[in-house]
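One structure is given below, encoded as structure tokens.
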Amino acid sequence: MKTQSSVGKPSVFKAMVAPPAKLLLPVLQPLVSLFTLSRKLKAAERVAKFCLLVSQSRADNSLDAAWSLALLTEVLRCQGRFAEAEATVREAIEMYQQCEPELSQAKTERAEQKALTQELLGTILRDLGRYSEALKAGKKSCEMVEQIQKDCATTNSPFILADCYLELSRTLNFTGQPDDAITLLHQALDLRGGAEEETEDETNAEKNNGKSPDRYKANILAELSRSYLMSGEFKEAQCAADSAMTNLIVSDHAEDQLARARVILAVADVLRQSPEKTPEERSKATAMRAEALVIRKKWLSAKDPDLLDIGGG
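With numbering that gives the first Met the number 0, the residue at position 153 of the sequence shown is 152, and numbering never jumps.
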């Protein structure tokens, strides 16, 4: 099948790559994700397109082709090419729909990849400001992974579901539904190993005893803090932001740095909006937002909504 993202493939190339395709893709597809997470986006795009080329060289590789399109979509999104990303992810979803008989016989990992592709559509639609469509796509991705959890969960299924809940919660907050977001975020925390919002009388030693930093949990807690602020629950917002800070990892990796920016913004928003804060405490928020902006400018596309949200455009 010739797709919009197909690359011309001479027959000699098909003959060369068809036999080792199933050996190449398990190595190359994770490499796309590694490059994307590290924000080495030119390399990620090249490898993603090669994965697509390889997967299209075999008639029985439709699921690999669909996942390669999804990987390419995430690269395009990180580059700020949102229209291309939407077209590509919709192509991937259409391909998955055409592969339903094959998908029903495949490993659970394939169903998880399909759900992640659906989640990606919701994220892109949110980036484009099409929130009602984003909500619909995000809810569908959650339902897909919830069904996987019931039927044939893998060790990754809880973490995938937590990620789907987080992305849907972000969209819910954009549409003014923080209470629904709070419910989902607590479920996401449970899936990541339990909520760790500390109480006011806990010491730092008690809070950190036996706990390893987790940037995924830090992102969830930062969004939870935002949700609580939107609901006017300032003490809960403070606790969530403080807990998010304890989950940060000291690292130069792009994703760790972006998690740091998200948490810094959560703390800054608590300082700015909580009525109990002093003028001196509120004044710290400006410097913190500036710090977050520097981090995001380093790693995000100039068109990224997360950057524009704090004045980076």
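Note that beta-carbon positions come from the ideal geometry of N, C-alpha and C, so glycine has one too. In this text, all values refer to a predicted model and were calculated from it rather than measured experimentally.
*Find the nearest neighbour of residue 141 within the set 41, 170, 126, judged by alpha-carbon distance.*
Taking the first residue of the sequence shown as position 1, residue 141 is located at position 142. If we check each option's Cα against that of residue 141, 170 comes out closest.
*Under a three-way DSSP split, which group does residue 232 fall into?*
By 1-based counting over the sequence shown, the position of residue 232 is 233. Coil.
*Burial state of residue 63 (16 or more Cβ within 10 Å)*: Position 64 of the sequence shown, counted from the start, is the residue given in the question as residue 63. Looking at its Cβ environment, which holds 16 or more other Cβ atoms inside 10 Å, residue 63 is buried.
*Taking only the alpha-carbon atoms, compute the straight-line gap between residue 108 and residue 155 and give it to the nearest angstrom.*
Walking along the sequence shown from the start, residue 108 turns up at place 109. Walking along the sequence shown from the start, residue 155 turns up at place 156. Their backbone Cα atoms lie some 9 Å apart in a straight line.
_Euclidean distance between Cα positions of residue 138 and residue 239_ = Locating residue 138 in the sequence shown gives position 139, where the first residue counts as 1. Locating residue 239 in the sequence shown gives position 240, where the first residue counts as 1. One C-alpha to the other measures close to 24 Å.
*Curious, which full-length alpha helix (DSSP H) runs of at least 4 residues does the segment 246 to 312 contain?*
253 to 272, 278 to 298, 304 to 307
*asked:* Under DSSP, the alpha helix (DSSP H) around residue 57 begins and ends at which residues?
replied: Within the sequence shown, the letter at position 58 stands for residue 57. Note, residue 57: premise wrong, no alpha helix (DSSP H); not H, not E.
*Does DSSP classify residue 137 as helix, strand or coil?*
Position 138 of the sequence shown, counted from the start, is the residue given in the question as residue 137. Residue 137: helix per DSSP, three-state reduction.
*asked:* Within 10 Å of its beta-carbon, does residue 121 have 16 or more other beta-carbons around it, so buried, or fewer, so exposed?
replied: Position 122 of the sequence shown, counted from the first residue, corresponds to residue 121. By the 10 Å Cβ count, residue 121 comes out buried.
*asked:* Would residue 309 and residue 291 be called neighbours here (beta carbons separated by less than 8 Å)?
replied: Residue numbering aside, residue 309 sits at position 310 when the sequence shown is read from its first letter. Residue numbering aside, residue 291 sits at position 292 when the sequence shown is read from its first letter. Yes.
*Have a look at 214, 31, 184, 44 and flag the residue whose alpha-carbon is nearest the alpha-carbon of residue 262.*
Residue numbering aside, residue 262 sits at position 263 when the sequence shown is read from its first letter. Among 214, 31, 184, 44, the Cα nearest to that of residue 262 is on 214.
*Excluding five sequence neighbours on each side, which residues of the same chain lie with their C-beta closer than 8 Å to the C-beta of residue 274?*
Along the sequence shown, one-based indexing puts residue 274 at 275. 233, listed in sequence order.
*Three-state secondary structure (DSSP) at residue 224?*
Position 225 of the sequence shown, counting from 1, holds the residue named residue 224. If DSSP states are grouped into helix, strand and coil, residue 224 belongs with the helices.
*Could you name the residues of the same chain whose beta carbon sits closer than 6 Å to that of residue 37, not counting the 5 residues immediately before and after it, in chain order?*
On the sequence shown, residue 37 is found 38 positions in, with the first residue counted as 1. Excluding the 5 residues flanking it on each side, residue 37 has same chain C-beta neighbours closer than 6 Å at 253, in chain order.
*By a C-beta neighbour count over all protein chains shown, 10 Å radius and 16 as the cutoff for buried, is residue 249 buried or exposed?*
Here the question's residue 249 lines up with position 250 in the sequence shown. By the 10 Å Cβ count, residue 249 comes out exposed.
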